[in-house]
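Below: one structure, written as structure tokens.
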Amino acid sequence: MTRSQPARTGRATLLAVLLALVGTLAAPTTPAQAATAPRATVNPVIFVHGQEGSAQQWQSQAKRFSGNGYRDDLLYVHEYDTSVATDDHAIAGLEDLVDSVRARTGAQKVDILAHSRGTRVMHAYLAVPERAAEVAKYVNLDGRTAAAQPGGVPTLAIWSSLQPNGSIGGALNVHEPEASHTESATSAESFAHIYAFLRGRPPLTTRVLPEPPTSVEITGRAVHFPQNKGLAGRLEVWRLDPATGARAGLLPQHVVRTGADGAFGPLGVSGRGHYELAFIRSGERTSHFYFEPFERSDRFVRLLVSPPGGVADSIDTCPAHTALTIVRAREWRAGTAEDDRLRIAGTDVLNPAVSPQLRQILGLFAFDKGCDGVSHLEAALPPFDRIPFLTATDLSLPADPQARGAIPVTETMRGAGVDETITVPNWPSDRHTVSLLFKDYVDIPSGG
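Going left to right, the sequence shown walks through residues 157 to 604 as my numbering numbers them.
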């Protein structure tokens, strides 16, 4: 994984000032400190994701909250099974989480952010007065409209280009006409509105501030997608050669076993390093996950694995080719020179047929349809062309039995003008899955 560096004029001074301002506020909380912490002076924040969502849509904003002084024990996510059509299980789980968070932090009330289907969950949740009384403020992210603020709770409603006329009566309604559906939940622009609404003042920064490279830790879960059900297995954390994606050294940096909840961490990593997380289960293909550098500690890493009968069953696999899953929590958009570009081994794979703006694409699958060694990039492959937020393209990527080849994947994010490259080994798709997770923002490179 390599990156072209944006201009840094003035960045060192800006970063030093921001870190000085928030450094004392954002100190990590130890278990002992949490156990003896006084009643919270700011409300804990809970994020409720939408359809086919997870904590991945919360990672960026959680790091921004952290960089603005929120302790780790004030930031939470409620994950639920979105393959179930009804919301009863999601509402019950959220009620349990709110009770747990209030008990742990000593807070009388919590603030809740919800996105997309999560807003449907929240409108039903807040319809019960006893539950609404425990929520101080609510943020409705590009979801349900309403004639009045749900449950009478003070509400901020942010609307993307998908709902240009969205409104909640009595709420603070903010329209972001250039934002896509998920982008409205993950962007720096939305964070500025959210933070000001919750705290009554602007944030010190909307950037994701890097931590000292030796202080970075990652925590997360391996789960079935989209059930968000934890998976037990062996997790290996490998530091990589950024130029080739090959593992650096003979042994992984960490080896841990996840339990039934799929949880792992905290695990120390270098803020300057490039990493692979390999998730291994007996009798299953090894799942390889590749990331841009973790410039700041991340408590919400998610390793999404397709279950039997899931979406990955529609991917053709064979020993001779590599299949890729490429994910970003900001929609891939193609059609104009100002839109995103995504090159796999030098081949542009985004076009209006594969990633039209209306389909709000977050995940792209690239594999050799029929294992025939021939690429066809002119249309999205079925059934992915009908699955919300997903698409697929027929791209032949030759594999090596020992994964000795390299596949560079480069994105150019719209509005940023910066190339980000993640290079991965060419694992055979019959025995390995390969997922690449790009950030939805351009970060500040980690310092010394």
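Beta carbons: idealized from backbone N, C-alpha and C, even for Gly.
Quick caveat, the model's predicted, so the values are computed rather than measured.
- Cβ atoms of T361 and G223 come within 8 Å of each other, at about 6 Å.
- Rounded to the nearest whole angstrom, the CA to CA distance from G529 to G491 is 27 Å.
- Distances from the alpha-carbon of W583 to those of G225, P557, A378 put P557 closest.
- If you draw a straight line from the Cα of P538 to the Cα of F545, it is about 13 Å long.
- C-alpha of L354 to C-alpha of S336: approximately 23 Å in a straight line.
- Taking a cut-off of 8 Å for Cβ pairs, the region 480–497 and the region 514–529 touch, as three or more such pairs fall below it.
- Rounded to whole angstroms, the separation of the alpha carbons of E286 and W214 is 27 Å.
- Setting aside the 5 residues that flank it on each side, L592 is surrounded in the same chain by Y446, I482, V565, I578, each with a C-beta closer than 6 Å to its C-beta; the list follows chain order.
- The distance from the Cβ of G429 to that of R395 is about 5 Å, consistent with a contact at the 8 Å cut-off.
- For E487, the enclosing beta strand (DSSP E) starts and ends at 480–488.
- In the assembly as shown, T338 is a buried residue. Its beta-carbon has 16 or more other beta-carbons within 10 Å.
- Taking 8 Å as the upper bound for CB-CB distance, D237 and K385 are in contact here, some 7 Å apart.
- With fewer than three CB-CB distances shorter than 8 Å, the region 447–465 does not count as touching the region 402–413.
- Distance between N321 and A327, taken at the CA atoms: about 14 Å.
- When rounded, the separation of the alpha-carbon atoms in S426 and R377 is 20 Å.
- In the structure shown, G389 falls within a strand segment according to DSSP collapsed to helix, strand and coil.
- The three-state secondary structure of D599, taken from DSSP, is coil.
- Between S511 and T547, the CB-CB gap stays under 9 Å.
- Contact fails between the region 414–421 and the region 260–275, because fewer than three Cβ pairs, one in each stretch, are under 8 Å apart.
- Only buried fits H444, as 16 or more other CB atoms lie within 10 angstroms of its CB.
- Burial of E208 is indicated by the presence of at least 16 other C-beta atoms within 10 angstroms of its C-beta.
- Judged by DSSP secondary structure, H588 falls within the beta strand (DSSP E) whose first and last residues are 588–594.
- The Cβ-Cβ distance between V505 and L533 falls below 9 Å.
- Less than 9 Å divides the Cβ of A388 from the Cβ of R437.
- Only exposed fits R560, as fewer than 16 other CB atoms lie within 10 angstroms of its CB.
- The residues Q213, H271, L297, in chain order, have a CB closer than 6 Å to that of A341 in the same chain once the five nearest residues on each side in sequence are set aside.
- Only exposed fits S256, as fewer than 16 other CB atoms lie within 10 angstroms of its CB.
- In this structure R570 is in contact with D495, their Cβ atoms being roughly 5 Å apart against a cut-off of 8 Å.
- Remark: C-beta atoms of V461 and F420 do not approach each other more closely than 9 Å.
- Per the coordinates, the alpha-carbon of S210 lies some 31 Å from the alpha-carbon of G502.
- With contacts defined as CB atoms closer than 9 Å, A555 and A468 fail to qualify as a contacting pair.
- A residue is called buried when at least 16 other Cβ atoms come within 10 angstroms of its Cβ; L407 does not meet this threshold and is exposed.
- Distances from the alpha-carbon of R587 to those of I471, S343, I324 put I471 closest.
- Rounded to whole angstroms, the Cβ separation of V364 and D599 is 6 Å, and the two are in contact under 8 Å.
- Beta-bridge pairing by DSSP links P581 to A562.
- Less than 9 Å divides the Cβ of R484 from the Cβ of D596.
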